[in-house]
Amino acid sequence: VDNRLHVALMQDETMNNDGMDMCVCKIQHTKNGQKKIDFAGAKRPLFYSKNNEINYIKGTVRGIGGRTRLRKKAIKTFESHTINLNEGDYLYLTTDGFLDLQSPSRRKYGRKNFMELLKDNINKPINEQHNSIVNALNIHKGNELQIDDITILGVKV
Numbered sequence: 022v023d024n025r026l027h028v029a030l031m032q033d034e035t036m037n038n039d040g041m042d043m044c045v046c047k048i049q050h051t052k053n054g055q056k057k058i059d060f061a062g063a064k065r066p067l068f069y070s071k072n073n074e075i076n077y078i079k080g081t082v083r084g085i086g087g088r089t090r091l092r093k094k095a096i097k098t099f100e101s102h103t104i105n106l107n108e109g110d111y112l113y114l115t116t117d118g119f120l121d122l123q124s125p126s127r128r129k130y131g132r133k134n135f136m137e138l139l140k141d142n143i144n145k146p147i148n149e150q151h152n153s154i155v156n157a158l159n160i161h162k163g164n165e166l167q168i169d170d171i172t173i174l175g176v177k178v
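Using my numbering, the final residue of the sequence shown is 178, and nothing's skipped along the way.
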């Protein structure tokens with residue numbers, strides 16, 4: 022994906038230094054009823070519930086694209102992680118917009134608060150989780166403008 026983005030943006034021929042953060046998950050059903058999750062993140066973590074606890078896996082500390090390696094056919098590697106979840110557990114994939122959202126006093130929402138928010142809502146249906154997240158966002162940002170995109174994808178496995 023990194024090389025394809027680099028080629029598509031013609032980053033060897035132009036001054037284009039665009040890139041992005043992203044994560045990829047593959048969900049496989051196992052014979053014992055569990056779900057095998059393969060995850061790789063480019064500057065994005067994976068949040069997940071297991072046994073009513075919220076956990077996270079850090080992504081690799083670099084994005085895709087950009088001219089940072091001045092290419093020369095160097096290959097960026099991204100760490101892959103595998104976890105096993107049970108039916109009814111959740112995966113949460115996010116952009117950085119919610120965690121980086123600033124309050125009027127310029128404090129970011131942050132990973133710790135986000136994980137607490139997920140834990141407080143883990144036993145609720147996904148639509149109620151959504152409402153709680155939107156409410157927390159609005160309370161945290163107050164009258165501040167939202168300047169970054171916010172996407173949170175919750176998947177019940």
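Every residue, glycine too, gets a C-beta built ideally from N, C-alpha and C.
Which residue wins for smallest C-alpha separation from ILE168, given the options ARG127, LEU106, GLN150 and LYS133?
Proximity to ILE168 across ARG127, LEU106, GLN150 and LYS133 peaks at ARG127, based on C-alpha coordinates.
Would you say GLU100 and THR115 are within 7 Å of each other, going by their C-beta atoms?
No, they are not a contact pair.
For GLY54 and ASP170, the rounded distance between their alpha carbons:
Distance between the alpha carbons of ASP170 and GLY54: 36 Å.
Per DSSP, MET43 is paired with what?
Bridge partners of MET43: ALA63.
Here's the rule: buried if 16 or more other CB atoms are within 10 angstroms of the residue's CB, otherwise exposed. What is ASP141?
Exposed is the call here.
Supposed close pair HIS161, TYR130 - CB separation, criterion 8 Å
Yes, they are in contact, since the Cβ atoms of HIS161 and TYR130 sit about 5 Å apart, within 8 Å.
Could you pull out every residue in the same chain whose Cβ sits closer than 6 Å to the Cβ of HIS102, ignoring the five residues on either side in sequence?
For HIS102, the CB contacts under 6 Å within the same chain, skipping 5 residues up- and downstream, are PHE60 and ILE78 in chain order.
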